[in-house]
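K.L.:
In this text, residue positions in the sequence shown follow our numbering: the first is 1083, and each later residue adds one.
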Amino acid sequence: MTQIAAEDKLANLDNYEKCPLFTERERVALRYTDAICWSPASADDEMWKQLHAHFTEPELVELGSFIGYIAGGQRWISTLGIGHGEVLANTTVGLSPDAVKKITEQLDATA
1083 MTQIAAEDKL ANLDNYEKCP LFTERERVAL RYTDAICWSP ASADDEMWKQ
1133 LHAHFTEPEL VELGSFIGYI AGGQRWISTL GIGHGEVLAN TTVGLSPDAV
1183 KKITEQLDAT A
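Next comes the structure, spelled out in structure tokens:
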């Protein structure tokens, strides 16, 4: 996926159900995310049927635990009154090794 495609998806995240940029697998994962974060009761039999059509049981456990971890962390940060970018804004904390490498290469190229 190109950087532009990723940015287009991010810009359309609130409209994932209708946006053609998202695959059905991505839509199902985003519905799961919505259920975990906002409406647990929406995780009905139909949702589980869709989830199992696109993900293995280990994938669902990993995805669900990651969503819960991130959502819980964000709520905790909110209780501390910390705004986006106020802490560790100029670091690579939390980024994947590939993202760190890319950022480092970009910084080296401009130095």
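Think of the CB as a built atom: it goes at the ideal place given N, C-alpha and C, for glycine as much as any other residue.
To the nearest angstrom, how far is the alpha carbon of D1096 from that of T1105?
P.N.:
Taking the sequence shown and counting its residues from 1, the one referred to as residue 1096 is at position 14. Taking the sequence shown and counting its residues from 1, the one referred to as residue 1105 is at position 23. It is roughly 15 Å from the alpha-carbon of D1096 to the alpha-carbon of T1105.
K.L.:
Using a threshold of 8 Å, state whether the C-beta atoms of T1195 and I1164 are closer than that.
P.N.:
Outside the modelled stretch of the chain, which goes from 1083 to 1193, sits residue 1195, for which no answer is possible.
K.L.:
Express the C-alpha separation of E1128 and C1101 in angstroms, rounding to a whole number.
P.N.:
Counting from 1 along the sequence shown, the entry for residue 1101 is found at position 19. Counting from 1 along the sequence shown, the entry for residue 1128 is found at position 46. Roughly 21 Å separates the two Cα atoms.
K.L.:
Taking just the CA atoms, how far does A1093 sit from H1136?
P.N.:
As a first step, residue 1136 is located in the sequence shown; it is residue number 54 there, counting from the start. As a first step, residue 1093 is located in the sequence shown; it is residue number 11 there, counting from the start. Cα-Cα distance, rounded: 24 Å.
K.L.:
Alpha carbons only, please: which of A1191, T1161, L1145 is nearest the one belonging to V1110?
P.N.:
Along the sequence shown, one-based indexing puts residue 1110 at 28. Per the Cα distances, L1145.
K.L.:
Could you pull the start and end residues of the alpha helix (DSSP H) that W1130 belongs to?
P.N.:
Here residue 1130 is taken as the residue at index 48 of the sequence shown, counted from 1. That run of the alpha helix (DSSP H) goes 1127-1136.
K.L.:
Could you check how far apart the C-beta atoms of T1115 and I1159 are, in whole angstroms? I think they sit under 8 Å.
P.N.:
Looking up residue 1115 in the sequence shown gives position 33. Looking up residue 1159 in the sequence shown gives position 77. Contact flag wrong, Cβ pair sits at about 18 Å.
K.L.:
Just to confirm my understanding: we take W1130, look at its own chain, exclude 5 residues before and 5 after, and list those with CB closer than 7 Å. What are they?
P.N.:
Along the sequence shown, read from residue 1 onward, the residue named residue 1130 stands at position 48. Cβ within range, chain order: n/a, list empty.
K.L.:
Can you tell me whether I1152 is buried or exposed, with buried defined as 16 or more other CB within 10 angstroms of its CB?
P.N.:
Taking the first residue of the sequence shown as 1, we reach residue 1152 at position 70. When all chains shown are included, I1152 counts as exposed.
K.L.:
DSSP state of C1119, grouped into three classes?
P.N.:
Sequence index remark: in the sequence shown, residue 1119 carries index 37 (1-based). In this structure, C1119 counts as helix in the three-state DSSP scheme.
K.L.:
Mapping the DSSP letters down to three states, classify Y1098 as helix, strand or coil.
P.N.:
For the purposes of this step, residue 1098 is identified with residue 16 of the sequence shown, where counting begins at 1. Note: Y1098 maps to coil in three-state DSSP.
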